[in-house]
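Here the structure is laid out as structure tokens; the discussion comes afterwards.
There are 2 protein chains.
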Amino acid sequence: MIRVAIVGATGMVGRMFLKVLEEKKPNVDEYVLFASSRSAGSTVHFMNKDYIVEELTENSFDSGFTYALFSAGGETSLKFAPIAASKGCTVIDNSSAWRMEKDVPLVVPEVNPGDLAIHKNIIANPNCSTIQAVVALKPLHDKYKIKRIVYSTYQAVSGAGQQGYMDLEDGIKGVPPKKFPYPIFGNCLPHIDKFLDNGYTKEEMKMINETHKILHDDTIKITATTVRVPVFYGHSESINVEFYNDFDLDTLKKDLANFPGIIVKDDIENNIYPMPIDAAGTDEVYVGRIRRDFSVDYGVNLWVVADNIRKGAASNAVQIMEKLIEKE
Amino acid sequence: MIRVAIVGATGMVGRMFLKVLEEKKPNVDEYVLFASSRSAGSTVHFMNKDYIVEELTENSFDSGFTYALFSAGGETSLKFAPIAASKGCTVIDNSSAWRMEKDVPLVVPEVNPGDLAIHKNIIANPNCSTIQAVVALKPLHDKYKIKRIVYSTYQAVSGAGQQGYMDLEDGIKGVPPKKFPYPIFGNCLPHIDKFLDNGYTKEEMKMINETHKILHDDTIKITATTVRVPVFYGHSESINVEFYNDFDLDTLKKDLANFPGIIVKDDIENNIYPMPIDAAGTDEVYVGRIRRDFSVDYGVNLWVVADNIRKGAASNAVQIMEKLIEKE
């Protein structure tokens, strides 16, 4: 009997967990929905049933869960994931709290499913911007070996949760933002997550560090600039890649198209390229504007788009759980 | 007596010519406003006077003009700039038609004013995205010598003219776009200007070629990805730069701050960084997020923002005219 806890069930990603689970219908016998005391007690319609959201407490995992999908912020994960793990529940955590821990696999199922083999009941879901990037980069790294990456991102407001979304919607009417430090409507903010002493944001360092960990290659040189743009759903990324080895551009496009989880949208004669409004609501990673970078010996420019709440968070976590269920 | 023709006076950039001229009050004795037959006959209030916009014809320059500020599209420039030039009028052209011609200086007054010394009565105003980039790059190239640039842009809809602007405004209400091939509200379009056979857009190639021409250095390796974002005014650019020579980061920030036309906004502890909503309505180029790129020996990441209709078009053209007037 497989019992699954949804922790943070009323948040932006939590609600998407429920939607994706309804769509994918993994082989689960029972779900229990948890949230903080603030949201506990509310009713959520899920799988044709009304669920009362329970308050997350230190005893929540005593009843025995197989898996827990966490998306309730780093502090909740730091406190409750070890409790769940100690009671035999495998936590798939969407926060950044555990991602860089040595014993915690950081997994994108299309990219490094083998990393699920050994874990201590905590598995981390990578950062949204990283997930879509590594899906696109994995087949290219395997074949041409990546030397250096320059990331510039165009990230949707939903990545900052419900209030981020509302800040854009309210901003249209001139309402000042509550989540972002400045208006996001009609603006770009080169600022996602906290600033660090080295001048980078945490978001930028996540992209650098998590790419290394997921691709199992710390020798890849990476830099990143992450930017919030007035888009509701769907992160876009301008990715400049330099390889050690030469490539044929048409073959490289096929390498991408043949990789699971990627849809190549690259027919510029017919104005076909990835856009966030098309990616929204889907689980694929869209790659386009694929063209040789003439400024280095072996380089390529990519434009990579995916739904940040689905593939960038909820769908990836559910896919991890499905992989684990397969292996049971 | 200095007589100035404004060609395309009713367009997005044309109207900004008038606004900037009213602000800067260059030493001009008389203005005549021209537009296509479609807009001719309309009345424009300018310099406390009502001007009747005249239709641009092959005889328009017979009355003798010292300067003409053109912003009426490439075809109009190709046809009428040589006519004006042949009659002794110095044309400052905002279209891309003449920029890469050998005898046509391509000028950003802070960067390469010396190029104004020799011309054949046609001077080109660079592409909006290029202008702000080269202002930021010039002091760094002079001091540390640039090896390679990776541009990723976040460009405002006003760069596509009045209908581009309206597409964003109307898009909020769900009205389909007229200028752009897809909705721009809540979206990003990795597509500015036409696609070329090499997979790049004309906008991307403009950034590459014009940077070479303005900085007088074709050896700089450059690649670019240009993207339209739902911002009304103000282009933003993520610029990754690799140098031949090492630098001290604090000194480099001062190099930028000391360069004319640049305002460094880079105080991350207080969330101070450039944003399009702040740059809009001003003539400066704002540089922030200045940080060492650890993925190369000597590299830096910059976030560069400027008003694309002012510094990126009208103000730069008027500044060119002011330089020419100074020299008379």
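Protein chains in written order, with our numbering: chain A, 1 to 328; chain B, 329 to 656. Every residue gets a Cβ at the ideal spot worked out from N, C-alpha and C, and that includes glycine. Computed from a predicted model, the values in this text were never measured in an experiment.
Bridge partner(s) assigned by DSSP for residue i
{"i": "A:Val287", "result": "A:Val264 and A:Val304"}
{"i": "B:Thr551", "result": "B:Val478"}
{"i": "A:His45", "result": "A:Asp50"}
{"i": "B:Phe575", "result": "Looking at the DSSP assignment, B:Phe575 forms no beta bridge with any residue, so it has no partner."}
{"i": "B:Arg331", "result": "B:Glu358"}
{"i": "A:Val241", "result": "A:Ile149 and A:Val300"}
Residue i vs residue j beta-carbon contact at 8 Å
{"i": "A:Asp103", "j": "A:Ala124", "result": "no"}
{"i": "A:Val318", "j": "A:Lys24", "result": "yes"}
{"i": "A:Lys254", "j": "A:Gly288", "result": "no"}
{"i": "B:Arg619", "j": "A:Tyr182", "result": "no"}
{"i": "A:Gly234", "j": "A:Ala280", "result": "yes"}
{"i": "A:Lys323", "j": "A:Leu116", "result": "yes"}
{"i": "B:Ile600", "j": "A:Phe195", "result": "no"}
{"i": "B:Phe560", "j": "B:Leu496", "result": "yes"}
{"i": "A:Glu210", "j": "A:Thr226", "result": "no"}
{"i": "B:Val624", "j": "B:Leu465", "result": "no"}
{"i": "A:Ile192", "j": "A:Leu106", "result": "no"}
{"i": "B:Gln491", "j": "B:Lys475", "result": "no"}
{"i": "A:Arg228", "j": "A:Ile184", "result": "yes"}
{"i": "B:Val436", "j": "B:Ala396", "result": "no"}
{"i": "B:Arg638", "j": "B:Met344", "result": "yes"}
{"i": "B:Ala400", "j": "B:Val360", "result": "no"}
{"i": "A:Val157", "j": "A:Val285", "result": "no"}
{"i": "B:Asp378", "j": "B:Lys415", "result": "no"}
{"i": "A:Ser129", "j": "A:Glu237", "result": "yes"}
Integer Cβ distance of residue i from residue j, believed to fall under 8 Å
{"i": "A:Val53", "j": "A:Ala35", "result": "5 Å"}
{"i": "B:Tyr479", "j": "B:Met535", "result": "5 Å"}
{"i": "A:Ile131", "j": "A:Trp98", "result": "About 16 Å; that fails the 8 Å criterion."}
{"i": "B:Thr551", "j": "A:Phe294", "result": "7 Å"}
{"i": "B:Cys417", "j": "B:Thr394", "result": "7 Å"}
{"i": "A:Gly74", "j": "A:Ser95", "result": "4 Å"}
{"i": "A:Lys145", "j": "A:Phe243", "result": "6 Å"}
{"i": "B:Ile653", "j": "B:Ile330", "result": "7 Å"}
{"i": "A:Asn187", "j": "B:Met603", "result": "6 Å"}
{"i": "B:Asp635", "j": "B:Thr610", "result": "6 Å"}
{"i": "B:Pro558", "j": "A:Pro126", "result": "Contact flag wrong, Cβ pair sits at about 27 Å."}
Residue i, buried or exposed, once every other Cβ within 10 Å from all chains shown has been counted against 16
{"i": "A:His45", "result": "exposed"}
{"i": "B:Val503", "result": "exposed"}
{"i": "A:Gly114", "result": "exposed"}
{"i": "A:Pro260", "result": "exposed"}
{"i": "B:Tyr482", "result": "buried"}
{"i": "A:Glu110", "result": "buried"}
{"i": "B:Gly487", "result": "buried"}
{"i": "B:Thr404", "result": "buried"}
{"i": "A:Ser37", "result": "exposed"}
{"i": "A:Thr10", "result": "buried"}
{"i": "A:Ile220", "result": "buried"}
{"i": "B:Asn629", "result": "buried"}
{"i": "A:Ile239", "result": "buried"}
{"i": "A:His141", "result": "buried"}
{"i": "B:Asp574", "result": "exposed"}
{"i": "A:Ser42", "result": "exposed"}
{"i": "B:Ile591", "result": "buried"}
{"i": "A:Ile149", "result": "buried"}
DSSP three-state assignment for residue i, whether helix, strand or coil
{"i": "A:Ser236", "result": "strand"}
{"i": "B:His627", "result": "Just to set this straight, residue 627 of chain B is Gly in the shown sequence, not His. B:Gly627: strand per DSSP, three-state reduction."}
{"i": "A:Tyr67", "result": "strand"}
{"i": "A:Ala35", "result": "strand"}
{"i": "A:Leu252", "result": "helix"}
{"i": "B:Phe389", "result": "coil"}
{"i": "B:Lys353", "result": "coil"}
{"i": "A:Val13", "result": "helix"}
{"i": "B:Ile512", "result": "coil"}
{"i": "B:Ile520", "result": "coil"}
{"i": "B:Thr539", "result": "helix"}
{"i": "B:Val435", "result": "coil"}
{"i": "A:Ala84", "result": "helix"}
{"i": "A:Ala97", "result": "coil"}
{"i": "A:Val231", "result": "coil"}
{"i": "A:Ile330", "result": "The structure shown does not extend to residue 330 of chain A, since chain A is modelled only from 1 through 328, so no value can be given for it."}
{"i": "B:Glu656", "result": "coil"}
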